[in-house]
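Numbering (UniProt numbering), first residue to last: 1 to 248.
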């Protein structure tokens, strides 16, 4: 009974020691880690414990396996701030040394179904522009998103594919005089389905983040609803909060 209780703590210790070595730079991006047997000897643990520790690190995107070659340190995750209103996706990527790119998969006007009508506070069958995109960092797909914008706010958007490759919020503001006031975002860990795995170049069932966003203008009217899926192995999010004395 005691050994069962101790096992999780043991592989967590091994996992954290390997992670500390990666953070300290002993193992750099692309470096090959010691074999399972070498790690067993180094930490005086069983092979099962080492395997679980490595599996956890792989799930977190810290390392990856190449069959027949070994286990290697992965690139650091790309950080996305959910707090900033001044820097879009492209700007945040550039600051981290990545080159942003966007592919437009689909851009068309559709009638709002019941779900869209609720999110966007419009009537069913009202026209909505649907924009489907894949966003890249250095030609590596990072997330897949579908945005829905009520046609009345940006009636010419469906003909502006080139503009939709950059910041959608900036385009809405500069070309259609639609001011972005706030967003409400919901994050949920899910597993990649067949469509997401194909678009993001990952295995079906891989861990990903689902991010639902409703964007409002100054009149607190919804101007966009989006559903995005981020790669779990390449993404992390930061959220900045401010507190007053009464909040603490």
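C-beta: ideal position from N, C-alpha, C; glycine also.
| Check | Outcome |
| --- | --- |
| Taking only the alpha-carbon atoms, compute the straight-line gap between residue 89 and residue 14 and give it to the nearest angstrom. | 35 Å |
| Alpha carbons only, please: which of 167, 232, 30 is nearest the one belonging to residue 203? | 232 |
| Excluding the 5 residues flanking residue 210 on each side, which residues of the same chain have their C-beta closer than 6 Å to its C-beta? | 188, 190, 229 |
| If you reduce the DSSP assignment to three classes, tell me which class residue 234 lands in. | coil |
| How long is the line joining the alpha carbons of residue 26 and residue 36, rounded to whole angstroms? | 17 Å |
| Tell me, please, which residues DSSP counts as bridged to residue 110. | 128 |
| Give the C-beta separation of residue 57 and residue 18 to the nearest angstrom, bearing in mind that I take them to be a contact with Cβ-Cβ under 8 Å. | 6 Å |
| Among 145, 20, 236, 45, which has the Cα closest to the Cα of residue 11? | 45 |
| For residue 43 and residue 161, what's the separation of their Cα atoms in angstroms? | 55 Å |
| What distance in whole Å lies between the Cβ atoms of residue 23 and residue 121, which are believed to be in contact at a cut-off of 8 Å? | Incorrect: roughly 46 Å between the Cβ atoms, too far for contact. |
| According to the Cβ coordinates, are residue 237 and residue 80 closer than 8 Å? | yes |
| How is residue 163 classed by DSSP in three states: helix, strand or coil? | helix |
| According to DSSP, residue 103 sits in a beta bridge with which residue or residues? | 134 |
| Count the other CB atoms within 10 Å of the CB of residue 109; is the residue buried (16 or more) or exposed (fewer)? | exposed |
| Within this structure, are the beta carbons of residue 74 and residue 62 separated by less than 8 Å? | yes |
| Near residue 194, what residues of its chain come up, given a Cβ to Cβ distance below 6 Å and the 5 sequence neighbours on each side ignored? | 204 |
| On the criterion of 16 or more Cβ atoms from any shown chain inside 10 Å, does residue 215 qualify as buried, or is it exposed? | buried |
| Could you tell me which residues DSSP pairs with residue 143 in its beta bridges? | 135, 230 |
| Between which two residues does the alpha helix (DSSP H) carrying residue 47 extend? | 47-59 |
| Is the beta carbon of residue 126 sitting closer than 8 Å to the one on residue 155? | no |
| Is it right to say residue 91 is buried, meaning 16 or more other beta carbons lie within 10 angstroms of its own, or is it exposed? | exposed |
| From residue 219 to residue 178, what does the alpha carbon distance come to, in whole angstroms? | 11 Å |
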